[in-house]
Each structure stands twice: as structure tokens, then as C-alpha cells.
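Residue numbers (this note's numbering): 23 to 507.
In what follows, a structure is listed as C-alpha cells, so that the remarks can point back to it.
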């Protein structure tokens, strides 16, 4: 009986108020996350599209909220059941359909609200259009331009109209005044006659100067590099998704193989994304790519908001062929993606520890699958996950065991501090062999780097007599010692 109350047919007068409407499903970046349905008013139909932000009323008080449109559909709905979208905030979609599908996967895989994922994918500088401002552009309507010779206008107005109609693009007021040699008065009169129309458009106020690097000569590839390149080019030419794990020792020339593969991708109008750890994104790394490619965008955490927005717009407008950056560059809005490369794929910095908590390697793999492009993972010490996938045949393993020009690997020595303690030659972390090596290097006017990668006062508590390390009884990891105060 109770079930019948919910399954009842609508009354006739309710059907009279039902019609087919365009309904947008939206999500918020903060609670309540949604999704929620809103009706699209007829006036906003041309503007509302997937990936754009809209302003909508929420709750009983109709609190204005910013939301992302994630789905659009025509369906039967009562006019009093859905609230209307109030306005559209963006000139164009911030995320396209492929990126929207990727964010939906991330929300499901990483158990994160879709609105938060979208907020993390689109930089704040892009959402706020940093480094831009509204400018009014003037143009001649098409119907007016077709009958210029028939118009009877004062000579000055006719000249202005001819100059503006002959321009390949809309012009700013100062530009038109300079080109036509006139004041603002005649232009204002043409606007009042509706012979000239105004259009508001955002323009960049600053542009980041691009460094021009000397061209790097093409290097001869050794046998290992040639074999690796042949494997990757075959993946690219297949037109399908494949993942390759390039296992090459340090100095084996992996970067040159990446560059040759990217050249191949660019030759048929595609774009490439190269992810590197933030610490590896040095001027030398950027210079290497800019010396081989003309149109390179660099995305990293030290860019100003205006520069980040400008680089983003360049990528969208296809003014960029190669995107080099840290983990967030995996979301670069490339309209024609052809290849993704992750160098030092084992590095821990590819994992983000704030919402959305994603791993760039996994997101890149999923994006490459969705867009049917190859993914190349490179490392001298691959992660266990990638190595296992290669051993199982899920990834194609590409070995590069030799260094370029047969250069020897640096000598690595291990010092047992227990022996040093028993011989009473040292009481600290700098053992006698290390002290002698530092002394000899400085004597020869060399430089020394000491890496100290730890948290806490000491990474372990070790008995100097027997070498025993205090460990966690549950997971067998060494306990870190922290000072109090």
C-alpha cells in the first residue's frame, strides 16, 4: 500500500505543467558536492556546455554558488521542480569532454568528490583569468560590410568604416583612431547608427618572454638507443595505446630517445607531454628541450598566476607542441595529444598528498588509454609496480643497459660505521673514508655534495656496540627519533 503512494500516476493537471527541458547536472567544489539538476533557460542555451562554470541558486535561501556543468540532457520535467541556472561564468569550457571523462574516473578511483577533482585539475589562475582584462573591440557587421558603397555617410565616417571593414580582426578604439586618423567622436556616431558594433573580450596584459636557445646538433644514437626508438615509434604508428617501460642506466641516453619520439609525434601534428620530478625541472632540462623544439611550454609551481594562465591558453590554442612540467602537467589541455612521457617514473614527487590525492603516473596511464596514445615510462630504478607490470607483459620492457660512449659508472662505496666505531676512528656520521675523500677533493679545488634526506632528529636509534636498530614491532620499520621541544 505504501509503495503505491510513490508509484502513483501523476494527476492530469500535473501533466499539463510538464514539458521537455534542457537539464544541466552540476557539481560543487565544496559541500554539498552534488550532483544537482538545474534547468537551462532558453537565453543561456547557446552558452551552457560541458566543462563550463555556472552560477546557480542553492537551498531555500537561493545562496549563489559556482558549479561545474558535467552533464546535459533533454528530458521531461515540471517547471516548478527545477531552479534555473542564473549565469555562465566562462567564455569557453575549462575542461573538454576527454578531460571530463578523466576527472570522473579520478573521482571514482581516488574516492574524491568530482567538484574537488575539477577544482584541482584547473589552476586557480585559469579560473580567475589572471593576467587578463576586459577590452572593447569594434567591428563592422557582415550585413553592413556588404553594402558599404551604398551608404551615404560623411567622408570621415565613411573612411573610418572602410578602415575597420578592411581590418583582418576587430580593433580597439585607440587602434582604430590611430589607423583612421580621427577622434572618438565619429566612431561614437557610427556606433549609435549601429554601423559599428562593440564586443567585449578578455586579452592578455602581459606575455611571458620565451627564451631562444641555440640549436643542439643531432646526436648519433648507439645500438641500444636505436632499438628503444624503433620500439616506441612502432607504438606511436600503431595508433593504439601501449605502455613502454624504458629501463636504462643513468647516462644511457633516455632523454635523446624521448626527443626523437616527440619529433616523430610532432611531424604529424600532434602534441606531447613530458613529466619530470619537480627537482629535475632545472634550467638545463628546459634548455635541452627548447634547443630542439620551437614551441615549448613549461609548467611548474614557481610560475606566476599570469604566466601559468598564459601558458595554459597557448596549449589550448595549439601554439605549443611540447609541454614539460611536474605532475600537474598531466592535465595540460592538449587538443591533439600524441604521446606522454614520464621520466624518473619511480619518483615519489609524482604523488600528490592534498585533495585530490592522485598519482601522476596512474592518471597519465589512464589518460593515455582514454585518448589511445602511447605512454613511455623511463627510469634507471623502476617502481615495483611498473617492473611487475613489465614482467607480466602488461608493459613493453625496453632495456638500455649501457651508457652513452661506454662511459663508466661512478664508483659507489659503502662504509660500515660499526667497524669505524670499534676502531675508534670516528664517533659521528662522517667516517674516516668519507673524511679523507672530502679532504682530497677540496685539496684539488673540487666540490662536495652531502645529501641528508630525513625527517626528525635521527632516522634511527642504533646501538654503537652491536649495531641493533630499534624497530616497530608491527611493521619492522626503523623508528625515527624526534627531539622534544
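Glycine is no exception: its CB is placed at the ideal position from the N, C-alpha and C atoms.
- For residue 373, the beta-bridge partners assigned by DSSP are 381.
- Rounded to the nearest angstrom, the gap between the Cα atoms of residue 271 and residue 440 is 31 Å.
- Taking a C-beta distance under 9 Å as the contact criterion, residue 72 and residue 119 qualify as a contact pair.
- At least 9 Å separates the beta-carbon of residue 384 from that of residue 265.
- Sequence-distant partners of residue 424 (beyond 5 residues in either direction) whose C-beta falls short of 8 Å from its own C-beta, in its chain, are 244, 246, 271 and 274.
- Taken through DSSP and simplified to helix, strand or coil, residue 364 comes out as strand.
- Residue 209 has its alpha-carbon roughly 20 Å from the corresponding atom of residue 156.
- C-alpha of residue 92 to C-alpha of residue 391: approximately 21 Å in a straight line.
- Cβ neighbours of residue 334 within its own chain (closer than 6 Å, five residues either side excluded): 148.
- When beta bridges are read from the DSSP output, residue 88 appears opposite 77.
- Secondary structure note for residue 461: its alpha helix (DSSP H) is the uninterrupted segment 454–465.
- Per DSSP, the beta bridge partners of residue 270 are 422.
- Excluding its 5 nearest sequence neighbours in each direction, residue 455 has C-beta neighbours in its own chain below 6 Å: 437, listed in chain order.
- In the three-state scheme derived from DSSP, where H, G and I count as helix and E and B as strand, residue 223 is classed as strand.
- Apart from the 5 residues on each side of it in sequence, residue 434 has no Cβ closer than 6 Å to any other Cβ in its chain.
- For residue 137, the closest of 426, 378 and 431 by C-alpha to C-alpha distance is 378.
- In the structure shown, residue 493 falls within a strand segment according to DSSP collapsed to helix, strand and coil.
- Considered as a whole, the stretch 279–360 harbours 305–312 and 327–338 as its complete alpha helix (DSSP H) runs of no fewer than 4 residues, in chain order.
- Inter-residue distance for residue 342 and residue 452 is about 49 Å (C-alpha atoms, whole angstroms).
- In the pairwise beta carbon analysis, the stretch 107–117 is classified as not touching the stretch 285–305: fewer than three pairs are separated by under 8 Å.
- Of all C-beta pairs linking the stretch 246–257 to the stretch 278–293, three or more are shorter than 8 Å, placing the two stretches in contact.
- When DSSP reads this structure, residue 99 sits in a beta bridge with 41.
- Its chain contains 503, 504 and 505 as the residues whose beta carbon lies nearer than 7 Å to that of residue 479, once the 5 sequence neighbours on both sides are disregarded; these appear in chain order.
- If you look at residue 399, you'll find it in the beta strand (DSSP E) that goes 397–401.
- According to the DSSP assignment, residue 59 belongs to the beta strand (DSSP E) that extends over 58–61.
- Pairing residue 87 with residue 94 gives a Cβ-Cβ distance that is not under 9 Å.
- Buried is the label assigned to residue 359, since at least 16 other Cβ atoms lie within 10 Å of its Cβ.
- Taking all protein chains shown into account, residue 158 has fewer than 16 neighbouring C-beta atoms within 10 Å of its C-beta and is therefore exposed.
- Put simply, the backbone Cα of residue 106 is about 20 Å away from that of residue 53.
- Assignment of beta-bridge partners to residue 484 by DSSP yields 491.
- By the criterion of at least three beta-carbon pairs nearer than 8 Å, the stretch 322–339 is not in contact with the stretch 403–421.
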